[in-house]
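Number of protein chains: 2
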Amino acid sequence: MYEMILPELIIRNDTKLVMLVIDGLSGTTDDNGLTELEAANTPRMDKLAASGSTGIQRPVGIGITPGSGPGHLALFGYDPVKYQIGRGVLEALGIGMKVGKGELAVRGNFCTMVDGIITDRRAGRISSEQGQKYIDMLSSKIKRIFDIEVEMAVSMEYRFAVIFKGSGLSDMLSDADPQVTGERPVTARPLKPNAEKSARIINKFIELATEILIDQHPANSVLMRGYSLLPDLQHFDERYGLRAVGIATYPMYRGLASLVGMDTPNASGFSIAQEFEMTSQLWDKYDFFFVHIKKTDSMGEDGNFAGKVQIIEDVDREIQALLDLDPDVLVITGDHATPSVLKSHSWHGVPLLLSSKFAFRDDAEKFSERECAKGILGHFPGFAIVPLMLANAQRLKKFGA
Amino acid sequence: MYEMILPELIIRNDTKLVMLVIDGLSGTTDDNGLTELEAANTPRMDKLAASGSTGIQRPVGIGITPGSGPGHLALFGYDPVKYQIGRGVLEALGIGMKVGKGELAVRGNFCTMVDGIITDRRAGRISSEQGQKYIDMLSSKIKRIFDIEVEMAVSMEYRFAVIFKGSGLSDMLSDADPQVTGERPVTARPLKPNAEKSARIINKFIELATEILIDQHPANSVLMRGYSLLPDLQHFDERYGLRAVGIATYPMYRGLASLVGMDTPNASGFSIAQEFEMTSQLWDKYDFFFVHIKKTDSMGEDGNFAGKVQIIEDVDREIQALLDLDPDVLVITGDHATPSVLKSHSWHGVPLLLSSKFAFRDDAEKFSERECAKGILGHFPGFAIVPLMLANAQRLKKFGA
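Chain order of the listed sequences is H and D. Quick note: the first sequence uses numbering that gives the first Met the number 0, first residue 0, plus one each step. Quick note: the second sequence uses numbering that gives the first Met the number 0, first residue 0, plus one each step.
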């Protein structure tokens with residue numbers, strides 16, 4: 000719906016919009032009947048909830064647990080079912096590689112072959128340093144295959160990512176990975192006729208890599224899978240008339256922000272306070288600020304309820320720095336739930352608070368799943384958040400006369 | 000959305016899922032300001048609501064009153080607007096006939112003709128016994144028309160159902176029923192070119208039936224309408240990885256369950272306690288249990304507020320038998336509302352409670368429309384219930400990386 004009507008409605012003005020994403024923010028109730036957000040002492044966010052509007056947003060849909068890719072695409076206003084970001088692209092973004100439109104990103108493993116049989120799909124779980132050594136060998140010799148440019152980088156231990164750049168690429172290929180040991184390697188096969196070129200290139204890459212690594216140990220070949228072609232995502236400026244910046248400590252989230260055209264200054268290793276300080280420094284340069292807090296999700300993944308509570312309280316304590324900037328529209332939400340009791344992402348809804356001059360002041364007295372579920376905004380798909388922010392910034396014209 | 004992404008997300012495990020459907024469960028407030036569910040004393044379901052999640056599900060959409068077909072298709076996770084079950088199929092299922100994919104089910108009336116004019120479209124509302132006598136006459140002589148196998152059964156009084164089995168059938172036909180008396184019979188006309196074969200078969204059926212009944216009274220011909228071809232519904236096992244069983248006292252609901260691949264043991268005439276006992280007996284054999292309680296709807300249709308309250312209380316009293324099975328996920332809901340004040344199905348939302356280890360414990364203290372409307376699950380389409388149950392059973396992988 001939005002893609003059909005937004006183009007005619009966009010207005011540019013001087014308003015400043017902030018989307019604060021607390022990764023894995025929401026949860027489910029534990030034995031005490033509380034989530035991490037409910038257990039946290041968050042007087043500043045509670046005050047924002049009390050003076051603004053609240054609701055529950057669903058990144059993908061009821062019952063669906065979003066990965067980080069779909070969770071963020073929804074936050075940025077793109078239907079995450081329509082625009083799917085494959086594993087190869089995410090792997091590449093996660094290690095800070097840039098992926099452009101029409102480029103094919105692939106995940107690779109270094110593996111061990113003996114007498115033509117794969118005996119270890121992870122080459123003895125080599126160190127990242129060893130992996131880097133192999134990547135240096137490959138990247139010095141494989142820069143181009145046919146008319147396609149090749150870039151690669153190690154992601155962790157035996158895992159690496161390759162980006163193929165050029166025209167006519169497709170991700171409709173079978174894995175060049177038998178998935179089990181004791182088998183001969185398999186080649187990438189085209190799943191659609193227009194993927195034949197890509198299959199030839201992947202298979203050539205494997206052939207070249209195996210030649211280069213022939214005398215190495217423990218890795219002497221590679222497996223390739225997770226092919227993904229970057230979908231054509233309209234950029235923020237064109238789509239919303241917003242000059243946007245993504246401030247995030249992890250490359251993956253900067254990468255996701257860059258896919259939709261955000262600038263992504265390096266904030267690696269930044270504290271929450273430093274991220275907010277960077278927001279302040281960039282205040283005049285942008286209209287839209289995506290600020291990403293990672294550690295809530297990490298604590299949830301670790302099953303560390305108290306740790307997640309602590310990070311949420313840290314955000315609350317530091318948030319005054321954002322409020323001092325006096326944004327016209329501030330949204331605080333998450334990209335998905337990461338309940339400590341599940342130690343993983345989950346399907347539970349994500350609370351959202353909207354603070355703006357024109358936000359309906361609903362009955363929520365606290366920022367929590369429970370209160371937001373009764374909020375004035377109801378339960379709605381994540382991809383509606385940016386349009387809602389634009390509306391509150393008076394950046395959208397009336398639809399129809 | 001679900002049909003696009005679920006196939007890649009399904010995990011099989013040993014969890015047990017129970018969907019208890021109280022037919023026509025919800026209502027609207029009467030003069031005392033209460034619905035039947037609110038007036039009922041339901042301590043056990045209230046306790047489940049208090050310890051689990053609640054919400055309002057909409058089988059078709061706001062303002063739309065679902066028939067039993069759409070109501071149940073939604074409960075089973077199929078968009079009821081996309082997959083429409085025609086009246087012929089429902090008539091056949093309601094009398095316990097089996098309908099297979101690509102088969103054409105048709106509703107028939109016995110009628111009275113005098114001098115080539117239809118004088119009574121219901122043949123004087125003959126008894127079901129008389130109807131059975133006519134059906135015996137027809138079915139002994141019409142077993143096949145061209146290459147199409149013919150099966151028929153009386154449904155009630157002057158009404159019957161016919162199933163045509165074979166290839167190349169279509170339901171795009173005009174009614175062979177003038178709808179008024181004092182007119183000549185009309186033939187079935189193809190509404191699309193590929194329906195010509197079906198039109199010939201229907202018209203041949205009418206011709207043969209009229210010849211067989213020529214000396215009978217009061218019925219001496221038949222009218223045919225409500226053509227419906229069974230849509231291709233993916234079965235539960237393939238769609239969700241669930242071995243499913245439907246436990247229902249009425250053939251119609253067993254029939255609907257069988258359309259999506261559930262086994263449907265005969266529970267005709269069973270009490271609520273007997274239905275729950277059957278659930279227990281089948282516990283090891285299945286993953287998903289659809290348990291259907293009919294009499295709430297019947298009481299609502301009769302305008303019997305107190306009777307509907309009584310049945311709801313009966314369910315609550317017997318429910319301990321289901322709880323003793325300790326299902327991993329239990330959902331209690333209805334297929335639509337049947338308010339006594341309307342004496343019919345209605346468009347009102349349907350409360351739902353979800354009990355599972357991972358369900359958010361929201362603020363609902365009672366199982367009622369009013370409490371569920373404020374629940375953590377919000378208001379959502381009925382076809383999202385099965386995905387939500389799968390998620391709570393940890394039977395769905397994360398979507399995207």
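We put the CB at the ideal spot given by N, CA and C, even for glycine.
- At a cut-off of 7 Å between beta-carbon atoms, residue 259 of chain H makes no contact with chain D.
- Closest by C-alpha distance to residue 363 of chain D, out of D:21, D:44, D:8, D:102, is D:44.
- When secondary structure is reduced to three states using DSSP, residue 34 of chain H falls in the coil class, being assigned neither helix nor strand.
- Residue state for residue 238 of chain H is assigned as helix, using DSSP reduced to three classes.
- Among the residues of chain D, none has a CB under 7 Å from the CB of residue 107 of chain H; the nearest is roughly 15 Å distant.
- By DSSP's assignment, residue 111 of chain H forms a beta bridge with H:119.
- Not flagged as an interface residue toward chain D: residue 54 of chain H, since no C-beta distance is shorter than 7 Å.
- Its chain contains 84, 89 as the residues whose beta carbon lies nearer than 6 Å to that of residue 68 of chain D, once the 5 sequence neighbours on both sides are disregarded; these appear in chain order.
- The three-state secondary structure of residue 385 of chain H, taken from DSSP, is helix.
- Residue 12 of chain D counts as exposed, since fewer than 16 other C-beta atoms from the protein chains shown sit within 10 angstroms of its C-beta.
- Any Cβ of chain H closer than 7 Å to the Cβ of residue 360 of chain D would place that residue at the interface, and such an atom is present.
- Assignment of beta-bridge partners to residue 54 of chain D by DSSP yields D:351.
- For residue 67 of chain H, the uninterrupted alpha helix (DSSP H) run begins and ends at 67–74, by DSSP.
- Judged by beta-carbon spacing, residue 17 of chain D lies within the 7 Å limit of residue 329 of chain D, meaning their Cβ atoms are closer than that value.
- Within a 10 Å sphere around the beta-carbon of residue 142 of chain D sit fewer than 16 other beta-carbons, which makes this residue exposed.
- Taking 7 Å as the threshold, the shortest C-beta distance from residue 399 of chain D to chain H falls below it.
- Distance from residue 58 of chain D to residue 79 of chain D at the Cβ level is roughly 7 Å; contact confirmed, criterion being Cβ atoms closer than 8 Å.
- For residue 386 of chain D, the nearest CB of chain H lies under 7 Å from its own CB, placing it at the interface with that chain.
- As computed with DSSP, residue 292 of chain H is found in a beta bridge with H:21.
- Under the three-state reduction of DSSP, residue 245 of chain H is assigned to strand.
- Closer than 8 Å at the C-beta level to chain D, one finds these residues of the segment 359–383 of chain H: 368, 369, 372, 373, 377, 378.
- Using a Cβ-Cβ distance cut-off of 8 Å, the segment 309–329 of chain D and the segment 285–298 of chain D are in contact, since at least three pairs of beta carbons, one from each stretch, lie closer than that value.
- Cβ neighbours of residue 345 of chain D within its own chain (closer than 6 Å, five residues either side excluded): 64, 336, 338.
- Within chain H, no residue has its CB atom less than 7 Å from the CB of residue 73 of chain D, the nearest being about 13 Å off.
- Note on geometry: alpha-carbon atoms of residue 303 of chain H and residue 86 of chain D lie some 55 Å from one another.
- Taking all protein chains shown into account, residue 180 of chain D has fewer than 16 neighbouring C-beta atoms within 10 Å of its C-beta and is therefore exposed.
- Between residue 271 of chain D and the set D:253, D:247, D:282, D:252, the nearest pair of CA atoms involves D:247.
- When C-beta atoms of the segment 17–35 of chain D are compared with those of the segment 27–39 of chain H, fewer than three pairs fall below 8 Å, so the two segments do not count as touching.
- Under DSSP, residue 162 of chain H shares a beta bridge with H:104, H:150.
- Residue 61 of chain H places its beta carbon less than 7 Å from that of residue 387 of chain D.
- Identification of residues in the segment 325–354 of chain H having a C-beta nearer than 8 Å to some C-beta of chain D yields 338, 340, 341, 343, 344, 345, 346, 347, 348, given in sequence order.
- Straight across, the Cα-Cα distance linking residue 146 of chain D with residue 186 of chain D is about 20 Å.
- Interface residue (Cβ-Cβ distance to chain H less than 7 Å): residue 277 of chain D is not classified as such.
- If you draw a 10 Å sphere on the C-beta of residue 99 of chain D, you find fewer than 16 other C-beta atoms in it, and that means exposed.
- In the three-state reduction of the DSSP assignment, residue 127 of chain D falls in the helix class, which pools H, G and I.
- Taking the Cα positions, residue 136 of chain D is about 13 Å away from residue 128 of chain D.
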